[in-house]
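Novice:
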Amino acid sequence: MLRSSCLLVSCIILLVWTLPASSQQQLSDSEIEQRVNALLQQMTLEEKAGQLNQMPDKNAKTMEMIKQGKVGSLLGVLGVKEVNEAQHAAVDGSRLKIPLIFGYDVIHGYRTIFPAPLASAGSFDPQLIEQSERVAAKEATASGVKWTFAPMVDIARDPRWGRIVEGAGEDPYLGSVVAMARVRGFQGSNMADPQSVVASAKHFVGYGAVEGGRDYNTAEMSEQLLREVYLPPFRAAVDAGVGTLMSAFNDLNGIPASANHHTLTDILHGEWKFNGFVVSDYDSVHELIPHGTAADDSQASLEALTAGVDMDMADSDYVRYVPELVKSGKLPESVVDEAVRRVLRVKFKAGLFEHPYADPNREKTDILTPESLQTERKMAQESMVLLQNNHDLLPLKKDQTIAVIGPLADDKASQLGAWAGNGQAKDAVTPLEGIAAKLGKGHVLYAKGVDIQPFERGLAAGVAAPAPPSATGVAGVEASNKPASIEDAVSAAKKADTVILFVGELAGMTGEASSRASLDLPGDQMKLIQAVLATKKPTVLVLESGRPQNISWAPEHIPAIIQAWYLGVQSGNAIADVLFGDASPSGRLPLSWPRAVGQIPVYYNHKATGRPSAPDRWHTGYLDLSSEPLYPFGYGLTYTKFKYGSLKANSTISKDGTVHVSAEIENTGKREGTEVVQLYVHDRVAPTSRPVRELKGFERITLAPGEHKTVNFTVRANDLGSYDPEMHWIVPLGTYDVWVAPDSASGVAGTFEVQ
Ligand code: NOJ
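My numbering applies: residue 1164 is where the sequence shown begins, and numbers increase by one.
(1) Is L1237 closer than 7 Å to L1263 when the C-beta atoms are compared?
(2) Consult DSSP for D1475 and reduce its assignment to one of helix, strand or coil.
(3) Consider the C-beta atom of F1861 and the heavy atoms of the ligand NOJ; say whether any pair is separated by less than 6 Å.
(4) Hey, D1887 and P1850 are a contact pair by Cβ (cut 8 Å); roughly how many whole angstroms apart?
(5) Please state the DSSP three-state secondary structure of M1384.
(6) Which ranges would you report for the alpha helix (DSSP H) in the region 1276-1300 if only whole runs of at least 4 residues count?
(7) Go ahead and pull the three-state DSSP assignment for G1913.
(8) What residue range is occupied by the uninterrupted beta strand (DSSP E) comprising Y1484?
(9) Would you list the residues whose beta-carbon is nearer than 5 Å to any heavy atom of the ligand NOJ, in the order they occur in the chain?
(10) In this structure, does DSSP put A1624 in helix, strand or coil?
(11) Can you say whether A1399 is buried or exposed, counting buried as having 16 or more other CB atoms within 10 angstroms of its CB?
(12) N1552 and L1800 look like a contact to me (Cβ under 8 Å); what is the Cβ gap, rounded to whole Å?
(13) Measuring CA to CA, which of V1199, E1248, K1818 and A1513 is closest to V1405?
(14) Using a Cβ-Cβ cutoff of less than 6 Å, which residues in the same chain neighbour G1636 once the five nearest sequence positions on both sides are dropped?
(15) Residues bridged to S1825 by DSSP?
(16) What three-state label does DSSP hand L1595 in the structure shown?
(17) Only counting the same chain, and skipping five residues up and downstream in sequence, which positions put a Cβ closer than 8 Å to that of P1617?
(18) Runs of 3 residues minimum, wholly inside the region 1714-1771: which ones carry the beta strand (DSSP E) assignment?
(19) By DSSP, does N1216 sit in helix, in strand, or in coil?
(20) Using the Cα positions of E1596 and D1573, report the straight-line distance between them to the nearest angstrom.
(21) With DSSP run on the structure shown, which of helix, strand or coil describes Q1563?
(22) Within the continuous alpha helix (DSSP H) that includes K1510, where are the two ends?
(23) Would P1278 be called buried (16 or more neighbouring beta carbons within 10 Å of its own) or exposed?
(24) Are there 16 or more other CB atoms within 10 angstroms of the CB of E1838, so buried, or fewer, so exposed?
(25) Mapping the DSSP letters down to three states, classify H1927 as helix, strand or coil.
(26) Under the DSSP definition of a beta bridge, which residues are partnered with D1900?
(27) Is the CB-CB distance between F1915 and N1768 below 7 Å?
(28) Helix, strand or coil: which one does DSSP assign to G1348?
(29) Are three or more beta carbon pairs between the region 1703-1711 and the region 1241-1261 nearer than 8 Å?
(30) Do Q1733 and the ligand ZN come close, with the Cβ less than 6 Å from some heavy atom?
(31) Exposed or buried, which one is Q1918 when buried takes at least 16 other CB atoms within 10 Å?
(32) Apart from the five residues on each side of it in sequence, which residues of its chain come closer than 8 Å, Cβ to Cβ, to E1196?
(33) Would you call S1173 buried or exposed, if buried means 16 or more other Cβ atoms sit within 10 Å of its Cβ?
(34) Identify, in the order they occur along the chain, each residue of the same chain with its Cβ nearer than 8 Å to the Cβ of V1373, setting aside the five sequence neighbours on each side.
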């Protein structure tokens, strides 16, 4: 009996995935609305609450609940077998046969892990970002995942916040372009495509502004800041057709984000006409109790659902309390119906009613393909930021002896970064492996130097831990089984022509619940750096981290510095490509790099103040430190030099018009290079004070030595506007400054008028 029912399931699965491509096309909007309403009419209150319930695992109890129609989605269930078993319980075992949607955190790749989102945002290459997310979607769906909790589009101005690594940095324009690219990549042109996943823009909203950079903390901001800085990437995701949003953990201006009617309903549905659904963050409905706005889980459910959180992740509050809230008259059934409509609409759009099952054949063939690895290697090359390159130390010659030193040089897990999907450390190529592969093992010496101990919550960085053996996995590379020691590192450096130091943070020191109060390199890494520098060997510093580290001392002491973030499975190969000139660095900083923690928040699009920054004491700034960042937003060097000139802009445009800005960019160096040309604007006089600069466009251009190009930007006057004090969008008349620039602190300047 068991055998024949298993056979039947296999037949159904086989039949479903062999259906012709045409049947995978999306239903029309009106067809979807009809089918949603027809289904809704047949549903009991309990079944409606079930559709709003996401369970965090698959076990005997949840399987039973699925059959009773009490589960709408599962979180973190991976693999075709597991997914199809649970789906079978829903589609064949429940009264209304409504399929489940399987969600998972595919943040920067599923198995082919790509650079951390902050890193890839710095490529300023939306096409390649989109392509990377297509790979992620293909791999995730091959494993039965149909919904990713990404992209994280939270703007962040505080690198103490560990989750800064998951977003696109500090700028709303770059954040919006990247958000759209990721949504397009995940969802493709059709969410019903078997290789597309439904995306979820998160965390709505204000999560990146948590006070003190402490995760889960409170966020307070003006409505203007919310609308001009924190909301735009969400709006961009909605405009790109994102299927879902996730509500945030934080309190926003006194109302928890997961119970915030103003943002979840008035803005999201009222102003933006979003018709997908909102899922809570993990337990964030229940957490309304510790927030102090709900006395119990029943009240928490009432608050969250009424505010606009449609699906409840993990805490089972809705499934337990929604039916009785309706029966007692506290919750109108129409509110429940609307939430269910939104969930069903996305399930129809995602093609789940037509294709509920995962294809059993793709799980092996679609993972870690050569094409995916190639896309990842390119994305990794483009994500690195060259911060300094005195006397053109880089690129390095290949015919020399290199000492590869540092605790991250051969750490596989840290190449992947935090939230690495279903990634496996064994898939990662470390820098040591990448360099050894490029130069031949005989040219490479290796010493770990020091160990980095993970932080223990609330304690300072572990120092001088009992060190495990530091043997390398690269056969033939000189290594020892002794504990990591600075002496070994110094001795390797002495034997080498050039030293490459790999220091930074362990991946686990970044991401969720990984806020830091200090940006200093953890553990004894500074001691290691100083000891190696004392050998006077030419040294390249490669930082692997999820946030800027405190390196204010470095530019004076180290000739070449690269910020490599976490680059994914091809990390070591991509790093070797850039270090030895087989690829050129072209990444830019998606955030301002602080000189010290005391400067935070430091961001380029700040206001001028009534006493703009100046050396004179009675102007904004510090007595003991510059208020400029160490490196500005948008900054990054190449292996060549670019000259900016001949800025042209129309002298006058109307409020409904378009401004055309152009500049001449010339490669004046000796190598081909890719430049990220950036357009910034400043509105001189408006009803509210305006940022000193705002990014409004960018373009990547590749020029041969001596080649020049006119780069043209076109911006609608409407996109130069701002909110007035009553929160109406206006385009102020008057003079605007404009820059075409290599970063947010330089460039060629001009003006134009809006009349
Ligand atoms: C909590 C995190 O805040 C969120 O980003 C993630 O998607 C969920 N957990 C599910 O894993």
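Here a beta-carbon is modelled for each residue, glycine too, at the ideal position from N, C-alpha and C.
Specialist: So, to answer that:
(1) Result yes, Cβ atoms of L1263 and L1237 sit closer than 7 Å.
(2) Three-state DSSP puts D1475 in a strand.
(3) For F1861, the Cβ stays outside the 6 Å cut-off from all heavy atoms of the ligand NOJ.
(4) Between P1850 and D1887 the Cβ distance is about 5 Å, and since that is below 8 Å, they are a contact.
(5) Coil, per DSSP.
(6) The qualifying runs are 1280-1284.
(7) Three-state result, G1913: strand.
(8) Taken as a continuous stretch (DSSP letters only), Y1484 belongs to no beta strand (DSSP E), being part of the alpha helix (DSSP H) at D1480 to K1490.
(9) Output, sorted by chain position: D1268, F1312, D1444 and Y1445.
(10) Confidence in A1624 is poor, its pLDDT being 45 and thus under 50, which makes the residue's placement unreliable; the coordinate value appears in the next sentence. Three-state result, A1624: coil.
(11) Answer is buried; the Cβ neighbour count reaches 16.
(12) That belief holds up - the Cβ atoms of N1552 and L1800 are roughly 6 Å apart, short of 8 Å.
(13) Comparing Cα positions, the closest option is A1513.
(14) Here the model assigns G1636 a pLDDT of 43, short of 50, so the residue's position is not dependable and the matter cannot be decided.
(15) Its beta-bridge partners are K1811 and N1875.
(16) DSSP, read as helix, strand or coil, puts L1595 in helix.
(17) A distance below 8 Å between beta-carbons, with the five flanking residues on each side excluded, links P1617 to the following residues of its chain, in chain order: G1625, L1669, G1671 and M1672.
(18) Runs of the beta strand (DSSP E) inside the region 1714-1771: 1723-1726.
(19) In the three-state DSSP reduction, N1216 falls in the strand class (E or B).
(20) Distance from the CA atom of E1596 to the CA atom of D1573, rounded to whole angstroms, is 7 Å.
(21) Coil at Q1563, not helix or strand.
(22) Counting along the chain, K1510 sits inside the alpha helix (DSSP H) bounded by residues E1496 to K1512.
(23) P1278 should be labelled buried.
(24) Label assigned to E1838: buried.
(25) Residue 1927 falls outside the range modelled here, since the chain spans only 1164 to 1918, and no answer is possible.
(26) DSSP output for D1900 lists H1845 and T1914 as bridge partner(s).
(27) No, Cβ-Cβ distance for F1915 and N1768 is not below 7 Å.
(28) The three-state reading of DSSP puts G1348 in helix, counting H, G and I together.
(29) In short, these stretches do not touch, since the Cβ pair count stays below three.
(30) As far as ligands go, the structure on display features the ligand NOJ and does not contain the ligand ZN.
(31) Classification for Q1918: exposed.
(32) So the list reads R1508, once near-sequence residues are dropped.
(33) Reliability of the predicted coordinates at S1173 is poor, the pLDDT of 44 falling under 50, and the value obtained from them is presented with this limitation in mind. Result: exposed.
(34) Only D1321, W1324, Y1379, N1380, T1381, A1382 and N1413 meet the Cβ criterion.
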